[in-house]
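Sequences listed follow chains C and F, in order. Residue numbering for the first sequence follows the numbering used here, beginning at 1 and increasing consecutively. Residue numbering for the second sequence follows the numbering used here, beginning at 1001 and increasing consecutively. Backbone N, C-alpha and C fix where the C-beta goes; we use that ideal spot for every residue, glycine too. Computed from a predicted structure; not experimentally measured. Structure record follows, encoded as structure tokens.
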Amino acid sequence: MTERYSFDTKDAFLEKLDELVRSGVPRGSINTFTPYPVHEAEELLDRSESPVRFFTGAGAVAGCVAGFAFTIYTVLSWPLVTGGKEIVSVNAFIVIAYELMILVGGLSAFAGFLFLTRLPVFRNILSDSVEFSRKFEITVESEERR
Amino acid sequence: MSKPRLGKRNLILAVVIIGVVVASVELFLRRTPDATFLVALTFMTAVVEGCVALAATGELSKGVWLIPIKRELYSVYPLLLVVAFLSLLLGAKIEIYDWSHEPNRWLNARFFLARNFVVLLLAFFAARKLVRAVSRGSPNKNRYAGFYIALFIVSQSLVAFDWIMSLEYPWVSTLLGGYFFIESFLTGLCAAAVILFFRMRDPSHGLTGTLRDTAKMMFAFSVVWVGFFFAQFLVIWYGNIPEEVGYVLTRVNEPPYSWLSRGVILSVWAVPFVLLLSGAVKTMPRVVAAIAVLMAAGLFVEKLVFVLPVASVSPPALAVEIALLLALVAAHMAGSHSIVAQEVTTPVENDTRG
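Now the structure itself:
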């Protein structure tokens, strides 16, 4: 069973959210739907810092290391002097390492997001009854549902 | 009891005295053609134009985070007029430019001084119109903000191409104009962080969100800065053309310029990048202000790296001139209430933005 609260104003919405959190409703069972980001709600629900950043950081470091490793390994395996530059020309490899850092960092952030949010979900988690462009909504999922 | 404020009359007096002192020093006491005044003026122009450009960008993008410090940022706009008139003093030092002995259509003393003076003057008038429109809440403020930003880009590009790049004519870099206005914008952000440090000494400040956003912008623009630097460096390194590569080789390989260059990279990008990754650091006014001062110092040293291999600089005179000019900036920010007459600030609705 899901309890649903709908509000026209941000203040009323935040007041109810605060009341729910203070009354001991588990934060994990509360979902909010707002027409624009309301950062106070994130703070009340203690969701300001997502662990997805660790996935991003790990992916970025892995991508950067892989970029340098790949380029250095290949030029050492097949050494060709180009334009009089050194065989291991770090200046040129920075571009490859940077691109791989962004690519792997971005992909791992997306993978981390899917993993942490347990997506994809095939049941309907959105409320059918409200206009999301105007209303502020809170849903509280019961224990059995979760 | 209200706090004592710097009045408009005192500020005008300070501008006149400091302007006359700097001009007298350069024209009568230090008649040797060196680049001391050029370095001081280039940095001063970056600070003043950058502060107003930051506020104007906030106007156009409707940036809420900037609202609490907009008044201080706008308050330095009268100094654009000072900078415009001081730029004429470069005429007395024109011999530091090799092209002055063989002038051509673009690089000749009169046109050089005139175009820079006119563009700086136009930037001043655009900034004045903008501040007045913002003070009145006029719907035209976005138009004036656009005008100012366009003139800011032209002006900083001219500073880069004329004042700095032409020191080593015929060396050219088409990206140097963009590089300079990014630097100027970053200098404006550093000024914003220092303003916030002083404003946050008041316990009821409510400016943590603004500080966090300013620190984020500093982080972002330090990355943009290093991107611009690398974009120029990589092309010159890869092309390895003698007339291009000499400029970089001197500054990257020869001490003391090589030490200064590494110091610039460390202070403008590497150290701020590592420190500002942390969310907690972004909410500490002292640390953010210290990083801002470090970045601004790095940008100042970079101007020296551009100039020193070509022209000499007198350290004591530079210290005095830069201190006097920055004191003017600080005085204008402190007396911002008497410069920006109406309320341009409104309370920030949401101070907990991430």
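Simplified DSSP state of residue i, which is helix, strand or coil
i, result
"residue 990(F)", "It is not possible to answer for residue 990(F), since the shown part of chain F is limited to 1001 through 1354."
"residue 145(C)", "With a pLDDT of 49 at residue 145(C), under the threshold of 50, the predicted position of this residue should be treated as unreliable, and no value is reported."
"residue 87(C)", "coil"
"residue 195(C)", "No answer is possible for residue 195(C): the residues shown for chain C start at 1 and end at 146."
"residue 1002(F)", "Low local confidence applies: a pLDDT of 47 at residue 1002(F) is under 50, so the model's placement there is unreliable, and no value is given."
"residue 32(C)", "strand"
"residue 136(C)", "strand"
"residue 1349(F)", "With a pLDDT of 44 at residue 1349(F), under the threshold of 50, the modelled position of that residue is not reliable, and no figure is offered here."
"residue 1011(F)", "helix"
"residue 122(C)", "coil"
"residue 1312(F)", "coil"
"residue 1032(F)", "coil"
"residue 1238(F)", "helix"
"residue 6(C)", "strand"
"residue 1075(F)", "coil"
"residue 1279(F)", "coil"
"residue 79(C)", "coil"
"residue 1026(F)", "helix"
"residue 39(C)", "helix"
"residue 1200(F)", "coil"
"residue 1174(F)", "coil"
"residue 1163(F)", "helix"
"residue 1355(F)", "Outside the displayed range of chain F (1001 to 1354) lies residue 1355(F), so it cannot be described from this structure."
"residue 25(C)", "coil"
Interface residues of chain C facing residue i [CB-CB closer than 9 Å]
i, result
"residue 1234(F)", "91, 92, 94, 95"
Under 8 Å between C-beta atoms of residue i and residue j
i, j, result
"residue 109(C)", "residue 61(C)", "no"
"residue 1042(F)", "residue 1171(F)", "no"
"residue 1117(F)", "residue 1084(F)", "yes"
"residue 20(C)", "residue 30(C)", "yes"
"residue 1267(F)", "residue 1284(F)", "no"
"residue 1225(F)", "residue 1183(F)", "yes"
"residue 980(F)", "residue 1328(F)", "Any property of residue 980(F) remains undetermined from this structure, which presents chain F solely from 1001 to 1354."
"residue 1321(F)", "residue 1036(F)", "yes"
"residue 1131(F)", "residue 1179(F)", "no"
"residue 1200(F)", "residue 1211(F)", "yes"
"residue 1333(F)", "residue 1195(F)", "yes"
"residue 1011(F)", "residue 1338(F)", "yes"
"residue 1305(F)", "residue 1251(F)", "yes"
"residue 1155(F)", "residue 1049(F)", "yes"
"residue 1236(F)", "residue 1243(F)", "no"
"residue 1364(F)", "residue 1310(F)", "Absent from the structure is residue 1364(F), since the part of chain F shown begins at 1001 and ends at 1354."
"residue 1231(F)", "residue 1292(F)", "no"
"residue 63(C)", "residue 101(C)", "yes"
Buried or exposed (CB count within 10 angstroms, at least 16 for buried), residue i
i, result
"residue 1259(F)", "exposed"
"residue 1101(F)", "exposed"
"residue 1(C)", "exposed"
"residue 1272(F)", "buried"
"residue 1096(F)", "buried"
"residue 1274(F)", "exposed"
"residue 1071(F)", "buried"
"residue 85(C)", "exposed"
"residue 46(C)", "exposed"
"residue 11(C)", "exposed"
"residue 1278(F)", "exposed"
"residue 1357(F)", "Since the first residue shown for chain F is 1001 and the last is 1354, residue 1357(F) is missing from the structure and cannot be characterised."
"residue 1269(F)", "buried"
"residue 104(C)", "buried"
"residue 1059(F)", "buried"
"residue 1034(F)", "buried"
"residue 1040(F)", "buried"
"residue 1074(F)", "buried"
"residue 49(C)", "exposed"
"residue 1091(F)", "exposed"
"residue 122(C)", "exposed"
"residue 1288(F)", "buried"
"residue 9(C)", "exposed"
"residue 1323(F)", "exposed"
"residue 78(C)", "exposed"
"residue 1144(F)", "buried"
"residue 111(C)", "exposed"
"residue 43(C)", "exposed"
"residue 1024(F)", "exposed"
Report the residues of the segment 1231-1257 of chain F with a CB closer than 8 Å to any CB of chain C, ordered along the chain.
Within the segment 1231-1257 of chain F, the qualifying residues are 1233, 1234, 1237, 1238, 1240.
Residues of the segment 59-73 of chain C with Cβ closer than 8 Å to any Cβ of chain F, in chain order:
Those would be none; no residue qualifies.
Selection of the segment 77-88 of chain C by Cβ proximity to chain F, strictly under 9 Å
Residues passing the 9 Å Cβ filter: 83, 84, 85.
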